[in-house]
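Q: First to last, the sequence lines map onto chains A and B.
With the numbering used here, letter number 62 in the first sequence gets 110, and the count goes up by one each step, no holes.
With the numbering used here, letter number 42 in the second sequence gets 90, and the count goes up by one each step, no holes.
Ideal Cβ placement from N, Cα and C applies to all residues, glycine included.
Sharing a structure below in structure tokens format, with a few things to ask.
2 protein chains.
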Amino acid sequence: MLTNVRSDRVKSVRSLSRRSVRERTGRFVVDGPQGVREAIRYAAARIDDLYVTSAAIERHNDLVAAAQDVGLHVHEVDDAVLAAMSDTESPQGLLAVVAAQPHTLEGVLADDPRLVVLLSNVRDPGNAGTVIRGADAFGADAVLVTDGSVDVLSPKVVRSTAGSLFHLPVVTGLDAHTTLDALAAHGIRTLAADGVGETLLPDVDVSQPHAWVMGNEAWGLPPEIRDRCTDVVRVPIHERVESLNLAMAATICLATSAGATRRP
Amino acid sequence: MLTNVRSDRVKSVRSLSRRSVRERTGRFVVDGPQGVREAIRYAAARIDDLYVTSAAIERHNDLVAAAQDVGLHVHEVDDAVLAAMSDTESPQGLLAVVAAQPHTLEGVLADDPRLVVLLSNVRDPGNAGTVIRGADAFGADAVLVTDGSVDVLSPKVVRSTAGSLFHLPVVTGLDAHTTLDALAAHGIRTLAADGVGETLLPDVDVSQPHAWVMGNEAWGLPPEIRDRCTDVVRVPIHERVESLNLAMAATICLATSAGATRRP
């Protein structure tokens, strides 16, 4: 059992809470049973190390067995070591160090996607994670993220995706204009989700391949991005309400695209 | 200008971050421009005091003017006083102390509601606030909250409602069974939103008065509540995804009820 909270190993895992270290090493941390389970299922070959407390080995014995089945070594650690490795205040006893998988826009487009999400300058980790989770739930083929956005491999984003990060390609560091060009060239309609839109969500044709384009939490999409989209779409809300938050709007748009609220 | 961070006034406002003090005094705190603006618009008579920093008086002069128009006295405070009054790490310069408005289930039912939400044992402040905001956005007539749930007047819930708390009645402290009885007696269909449901959301008839019944974030609705509902409804999601989070599921159900995703 690992018990030395001052070891180089602990410091090295903990340092992955910094973006610069993640970028240099190409590694990130997955914290908690839900994320670790999906990492084992969908990305076992990319798991460098798996750290589990004695209590979590008992509580999640199915998960530990699944890890051993695919040949992963499980490091047993004490609570203090896990707490020192994790950036969360209430770690849940399991933590994996995983190699990032770089996806490209070209790779996504080569698979003829029918539903994608483009996040432009989204800064809040919870929002970004929730959108990735929603994209996954409603069968999107990819999430595209511009370079001014939050790092999707930050612990908070990874946690709030609840494992969805391992289910679909998330492409990062994109330029919004180049991406809109590439989507248009592939015949993918771009739908800006924005409260100023004149097209209402129930009137959108979601039968053709399309991309939902979502802007920043506070200031939305810049006009030069919005105006380049095929259409600007508004979720109809009560007039007394100023706006939906980003994650809510994205969830509703994606659910509608998937036919989860109406038959296609 | 108020500058004494140790004054009784500051201590008294700060103490409202405790549930016991809110319950004893019948007062709660609204923090930030969005919430304060809606309090002034919809509940001016219930505002005891309004505290604004010099910077916020300049930045939100329309809001300060609106407060003065309705006869509210605006206390100018320095940054330290506002920070000491607020429970948030980054206060936004405005804070109001507001008297709670007790709503009752009987009052809500007397208005023949067509769309309500019942939250049973919802514990996370962000989830509760987001559901209230979604209920408001999609024209719900009320939000009903059982007594095992988070206090909707806690600063975190109030903040995440973004002012919606002042737009529709939120009834708290309810017993789930009594509430289901009362809804049934008024001919309001109760729709349990739960991943185990066999009815899919697109198949639900939302043309009749109905209540969405949402359970706890982690363990959902207890079977004895779920089984008493008219129907158990599932949002169809991709099989690789375990579940939607509570706020996402509620938002999608409410948007569907409102015809925001499909024509009614």
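Between which two residues does the alpha helix (DSSP H) containing residue 49/A stretch?
A: Residue mapping note: residue 49/A aligns to position 1 of the first sequence, counting from 1. First-last for residue 49/A: undefined, no H or E at that position.
Q: Where does the unbroken beta strand (DSSP E) through residue 225/A begin, and where does it stop?
A: Along the first sequence, read from residue 1 onward, the residue named residue 225/A stands at position 177. It is not in any beta strand (DSSP E) - residue 225/A instead sits in the alpha helix (DSSP H) that spans 224 to 233.
Q: Identify every residue that forms a DSSP beta bridge with residue 264/B.
A: Position 216 of the second sequence, counting from 1, holds the residue named residue 264/B. Beta-bridge pairing links residue 264/B to 268/B.
Q: Can residue 120/A and residue 101/A be called in contact, C-beta distance under 8 Å?
A: Residue mapping note: residue 120/A aligns to position 72 of the first sequence, counting from 1. Residue mapping note: residue 101/A aligns to position 53 of the first sequence, counting from 1. It is not a contact, given that the beta carbons lie outside the stated cut-off.
Q: Are three or more beta carbon pairs between the stretch 220 to 240 of chain B and the stretch 150 to 157 of chain B nearer than 8 Å?
A: With a cut-off of 8 Å, the stretch 150 to 157 of chain B and the stretch 220 to 240 of chain B count as touching, because enough Cβ pairs lie within range.
Q: Taking DSSP as the reference, what is the three-state secondary structure of residue 107/B?
A: The residue given as residue 107/B occupies position 59 in the second sequence. Three-state DSSP puts residue 107/B in a helix.
Q: Is the CB-CB distance between residue 188/A and residue 165/A below 8 Å?
A: Within the first sequence, numbered from 1, the residue matching residue 188/A stands at position 140. Within the first sequence, numbered from 1, the residue matching residue 165/A stands at position 117. Cβ distance < 8 Å, so residue 188/A and residue 165/A count as in contact.
Q: Leaving out the 5 sequence neighbours to the left and right, which residues in its chain are closer than 6 Å to residue 171/A when beta-carbon positions are compared?
A: Mapped onto the first sequence, residue 171/A falls at position 123. Answer for residue 171/A: 198, listed in chain order.
Q: Find the nearest neighbour of residue 269/A within the set 258/A, 241/A and 279/A, judged by alpha-carbon distance.
A: Mapped onto the first sequence, residue 269/A falls at position 221. Closest by alpha carbon: 241/A.
Q: Mind checking if residue 136/A is an interface residue toward chain B, Cβ cutoff 8 Å exclusive?
A: What you label residue 136/A is simply residue 88 of the first sequence in a count that begins at 1. With 8 Å as the cut-off, residue 136/A does not count as an interface residue toward chain B.
Q: Give a yes or no on contact between the stretch 124 to 140 of chain B and the stretch 49 to 66 of chain B, applying the rule of three or more CB pairs nearer than 8 Å.
A: Yes, since at least three Cβ pairs between the stretch 124 to 140 of chain B and the stretch 49 to 66 of chain B fall closer than 8 Å, the two stretches touch.
Q: Cβ of residue 187/A less than 8 Å from any chain B Cβ?
A: Start at 1 with the first residue of the first sequence, and residue 187/A comes out as number 139. Yes, contact with chain B.
Q: Please list, in chain order, the chain B residues whose beta carbon lies closer than 9 Å to that of residue 243/A.
A: Reading the first sequence from its first residue, position 195 is the one you call residue 243/A. Per Cβ cutoff of 9 Å: no residues; residue 243/A is ~11 Å from chain B at best.
Q: What is the residue span of the alpha helix (DSSP H) that residue 152/B lies within?
A: Here the question's residue 152/B lines up with position 104 in the second sequence. Element bounds for residue 152/B: n/a, residue is neither H nor E.
Q: Are the C-beta atoms of residue 300/A and some chain B residue less than 8 Å apart?
A: Counting from one through the first sequence, the residue named residue 300/A turns up at place 252. For residue 300/A, the answer is yes, since a Cβ of chain B falls inside 8 Å of its Cβ.
Q: Near residue 108/B, what residues of its chain come up, given a Cβ to Cβ distance below 7 Å and the 5 sequence neighbours on each side ignored?
A: Walking along the second sequence from the start, residue 108/B turns up at place 60. Around residue 108/B: 81 and 142.
Q: Assuming residue 97/A is part of the beta strand (DSSP E), what are its boundary residues?
A: As a first step, residue 97/A must be located in the first sequence, where it is residue number 49. Residues 95 to 101.
Q: At least one CB of chain B closer than 8 Å to the CB of residue 212/A: is that the case?
A: Counting from 1 along the first sequence, the entry for residue 212/A is found at position 164. Interface residue, yes.
Q: Can you give me the start and stop residues for the alpha helix (DSSP H) that residue 69/A sits inside?
A: For the purposes of this step, residue 69/A is identified with residue 21 of the first sequence, where counting begins at 1. Its alpha helix (DSSP H) spans residues 67 to 73.
Q: Expressed to the nearest angstrom, what Euclidean distance is found between the alpha-carbon atoms of residue 324/A and residue 260/A?
A: Since the displayed chain A opens at 49 and closes at 312, residue 324/A lies outside it and no answer follows.
Q: What is the C-beta distance between residue 214/B and residue 285/A, in whole angstroms, given that I count them as a contact (C-beta under 8 Å)?
A: Counting from 1 along the second sequence, the entry for residue 214/B is found at position 166. Counting from 1 along the first sequence, the entry for residue 285/A is found at position 237. With 8 Å as the limit, residue 214/B and residue 285/A do not qualify as a contact, their Cβ atoms being about 16 Å apart.
Q: Can you pull out the residues from the stretch 272 to 286 of chain A whose beta carbon lies closer than 9 Å to at least one beta carbon of chain B?
A: Of all residues in the stretch 272 to 286 of chain A, 283, 284, 285 and 286 have a Cβ within less than 9 Å of some Cβ in chain B.
Q: Using the C-alpha atoms, what's the distance from residue 125/B back to residue 190/B?
A: Counted from its first residue, the second sequence places residue 190/B at position 142. Counted from its first residue, the second sequence places residue 125/B at position 77. Going by the C-alpha atoms only, they are around 35 Å apart.
Q: Can you give me the C-alpha to C-alpha distance between residue 216/A and residue 184/A, rounded to a whole angstrom?
A: Here residue 216/A refers to the residue found at position 168 of the first sequence. Here residue 184/A refers to the residue found at position 136 of the first sequence. Those two C-alpha atoms are separated by around 7 Å.
Q: Can you give the Cα-Cα distance for residue 106/A and residue 113/A, rounded to whole angstroms?
A: Locating residue 106/A in the first sequence gives position 58, where the first residue counts as 1. Locating residue 113/A in the first sequence gives position 65, where the first residue counts as 1. So the alpha carbons of these two residues sit roughly 11 Å apart.
Q: In chain order, which alpha helix (DSSP H) runs of at least 4 residues are fully inside the stretch 132 to 203 of chain A?
A: Listed in chain order, the complete alpha helix (DSSP H) runs (minimum 4 residues) inside the stretch 132 to 203 of chain A are 153 to 158 and 173 to 185.
Q: Measuring straight from C-alpha to C-alpha, what distance separates residue 274/B and residue 257/B?
A: By 1-based counting over the second sequence, the position of residue 274/B is 226. By 1-based counting over the second sequence, the position of residue 257/B is 209. Spanning the two alpha carbons is a distance of roughly 18 Å.
Q: Which of the three DSSP states is assigned to residue 221/B in this structure?
A: The residue you call residue 221/B lines up with position 173 of the second sequence. Strand at residue 221/B.
Q: Within the continuous beta strand (DSSP E) that includes residue 310/B, where are the two ends?
A: Against the second sequence, residue 310/B aligns to sequence position 262. No beta strand (DSSP E) contains residue 310/B, which DSSP labels as neither H nor E.
Q: Of all the CB atoms in chain A, is at least one closer than 8 Å to the CB of residue 218/B?
A: Position 170 of the second sequence, counted from the first residue, corresponds to residue 218/B. So, not an interface residue.
Q: Reducing DSSP to helix, strand and coil, say where residue 126/A ends up.
A: On the first sequence, position 78 is the one that residue 126/A refers to. Of the three classes helix, strand and coil, the one that applies to residue 126/A here is coil, per DSSP.
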